[in-house]
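Below is one structure, written out as structure tokens, with a few remarks after it.
Numbering (the numbering used here), first residue to last: 1 to 356.
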């Protein structure tokens, strides 16, 4: 039965209202982040011009990331990409140019860094363009994920920081995150529920799963010596700023990568098999756990490979794997990546506030 013109108008009004609500919420969250970053900047010994440059650079790079938490905006971007796929090159050029402009203004510009990041972003953009040709997961997905993840993880793209002194944010990390969002939430059209509006049921699921994981982590952590009660007394300001920083720069980026992309790709890969979702949960959680292998947190298993000795933080990997399973469960139950990021935030924040 065809939809009447009146019905279409109501749908458009509803979509517009939803878009505006999410934009307003995104602006509020961005303002809070900018305020907290500004308070941090004034404590750093730097020139006024460099402080102002760093503040505006932070806002410029973080804005598209924070405001992307808007399902209607993502829908508009999908329609735009479908109409003009070549626009992805414009998107990449803007990101690269913004990094180089800030590097010049802050005295951090290096030709080799500009060349290296330009080549990396160019390759990533080519892969993003090819993604639209595949309706199901392929080797291209794994190549693109590794290309966006590993250089950031091992620091090969470092060279510019905001601010230059006591760098808090690496703009290339945000660039990689934005490319990931564009590739999978826009081009591949993954529906990951990237919205900051959580329902009461979403919050209930987050809290209950956090409580269950908390007791598991306490038991394992205390028995193995991984956890101990801290004698630090963080200030209220430190706890508030750490809360925001963990959510936006640790929890949400990691959830977008591991649950929003890797889990979704694996889920599609296993589609048609028995227990496809369970398999995707287990594999993505193990990958998440192993991603913490470079964290030097005791106790260790010593692995001797020839002349090289590796300290494997086995408890950290184990707990991160279990945590990944809980984060994934929350994502599946709520269908919102921000809910998965919320339980991730609680775990990391409570660990920072109360434990060593």
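Even for Gly, the Cβ is constructed at its ideal location relative to N, Cα and C.
query, result
"Starting from residue 305, follow the beta strand (DSSP E) in both directions and report where the run begins and ends.", "301-305"
"Is there contact between the segment 196-211 and the segment 267-278, where contact requires at least three CB pairs shorter than 8 Å?", "no"
"With residue 208 as the anchor, note down where its alpha helix (DSSP H) starts and where it stops.", "200-224"
"Provide the residue span of the alpha helix (DSSP H) that contains residue 310, from first to last.", "No alpha helix (DSSP H) contains residue 310, which is instead part of the beta strand (DSSP E) from 308-312."
"What residue range does the alpha helix (DSSP H) around residue 83 cover?", "71-83"
"Between the beta-carbon of residue 340 and the beta-carbon of residue 330, is there less than 8 Å?", "yes"
"Can you give me the Cβ contacts of residue 176 inside the same chain, cut-off strictly under 6 Å, excluding the 5 residues immediately before and after it?", "148, 152"
"Cα-Cα, which of 158, 222, 78, 232 is closest to residue 184?", "78"
"Might you give, ordered along the chain, the residues of its own chain that have their beta carbon closer than 7 Å to the beta carbon of residue 268, omitting 5 neighbours on each side?", "136, 137"
"Measure the alpha-carbon distance for residue 305 versus residue 311 and round it to whole angstroms.", "11 Å"
"From this set, 292, 211, 53, 299, which residue's C-alpha is nearest residue 102's C-alpha?", "53"
"Can you tell me whether residue 229 is helix, strand or coil according to DSSP?", "strand"
"Using a beta-carbon distance below 8 Å, is residue 207 in contact with chain C?", "Reference to chain C is not applicable here, since this structure consists of a single protein chain."
"Name the residue from 156, 171, 157 whose alpha carbon lies nearest to the alpha carbon of residue 163.", "171"
"Answer yes if the segment 223-241 comes into contact with the segment 50-66, meaning at least three C-beta pairs across the two stretches below 8 Å, and no otherwise.", "no"
"Using CA atoms only, rank isn't needed, just tell me which of 32, 122, 323 is closest to residue 240.", "32"
"Please find out if some non-hydrogen atom of the ligand ATP comes closer than 7 Å to the beta-carbon of residue 124.", "Looking at this structure, you won't find the ligand ATP or any other ligand, since it has none at all."
"Considering only C-alpha positions, which residue in the set 74, 182, 166, 157 is nearest to residue 42?", "166"
"Residue 191: buried (16+ other C-beta within 10 angstroms of its C-beta) or exposed?", "exposed"
"What would DSSP say about residue 169, mapped onto helix, strand or coil?", "strand"
"So, with DSSP's three-state summary, where would you put residue 194?", "coil"
"Could you name the residues that DSSP lists as bridge partners for residue 240?", "Note: residue 240 sits in no beta bridge, so no partner."
"Are the beta-carbon atoms of residue 68 and residue 250 separated by less than 8 Å?", "no"
"What is the DSSP secondary structure of residue 293, reduced to helix, strand or coil?", "coil"
"For a test of the three-state rule: what should DSSP assign to residue 143, helix, strand or coil?", "helix"
"Buried or exposed, going by whether 16 or more other CB atoms sit within 10 Å of the CB of residue 70?", "buried"
"Starting from residue 122, follow the alpha helix (DSSP H) in both directions and report where the run begins and ends.", "111-131"
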